[in-house]
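Participant: Using our numbering, you'd call the opening residue of the sequence shown number 257 and step up by one each time. In this text, a Cβ means the ideal position worked out from N, Cα and C, and glycines have one as well.
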Amino acid sequence: MRLAGDAPRACCYTRAVLSGKQRRHLRALGHALRPIVQVGRGGIDDGLVAAIDQALTDHELVKLKLGEAADLDRHEAAADLAARTRSEVAQVLGNTVLLYRAHPDEPEIELPR
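(1) Can you check whether the CB of residue 297 is closer than 9 Å to the CB of residue 347?
(2) On the three-state DSSP scale, how would you describe residue 307?
(3) Rounding to the nearest angstrom, what Cα-Cα distance links residue 364 and residue 323 in this structure?
(4) List the residues that DSSP assigns as beta-bridge partners of residue 352.
(5) May I ask which residues mark the beginning and end of the alpha helix (DSSP H) holding residue 290?
(6) Which residue or residues does DSSP assign as beta-bridge partners of residue 344?
(7) For residue 274, name the three-state secondary structure that DSSP assigns.
(8) Who are the near neighbours of residue 338 in its chain, counting only those whose CB is closer than 7 Å to its CB and skipping five residues on each side?
(9) Assuming residue 319 contacts residue 351 under a Cβ cut-off of 8 Å, what Cβ separation, rounded to an integer in Å, is found between them?
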């Protein structure tokens, strides 16, 4: 039940939620990855979202680095990027974020059940 002053939720209800076992599997795969995209002083803009979206399409699992100059809360930034790219946050560790989105046609990463 929503009250009159409540804002609608930012997340998408059709998105699949990852289980703990699936997150653990993705964290293990992401350990060897190098950050593909770095969030800098400009913060999160449309160009950065487009770059992450393309990287997710190409790789399914993407590691991001939040730079020291980026004046962002790491958990809020991860949630915002996941919502804008229709992906899932697999991990936030220090200034590193791991995002996952299965390829719509040919998924390469097989998640455990």
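Facilitator: Here's the rundown:
(1) As a working note, residue 347 is residue 91 in the sequence shown. As a working note, residue 297 is residue 41 in the sequence shown. By the CB criterion at 9 Å, residue 347 and residue 297 fall outside the cutoff.
(2) As a working mapping, residue 307 is identified with position 51 in the sequence shown. Correct three-state label for residue 307: helix.
(3) Against the sequence shown, residue 364 aligns to sequence position 108. Against the sequence shown, residue 323 aligns to sequence position 67. Looking at the two C-alpha atoms, the distance is approximately 29 Å.
(4) To locate residue 352, count along the sequence shown from 1; it is residue 96. In the DSSP output, where bridge partners are listed per residue, residue 352 has 321, 349.
(5) One-based indexing of the sequence shown puts residue 290 at position 34. First-last for residue 290: undefined, no H or E at that position.
(6) In the sequence shown, counting from the first residue as 1, residue 344 sits at position 88. The secondary-structure analysis by DSSP pairs residue 344 across a beta bridge with 356.
(7) Numbered from its first residue, the sequence shown carries residue 274 at position 18. Coil, per DSSP.
(8) Within the sequence shown, numbered from 1, the residue matching residue 338 stands at position 82. Result list for residue 338: 344, 345, 355, in chain order.
(9) One-based indexing of the sequence shown puts residue 319 at position 63. One-based indexing of the sequence shown puts residue 351 at position 95. Distance from residue 319 to residue 351 at the Cβ level is roughly 11 Å; contact not present, criterion being Cβ atoms closer than 8 Å.
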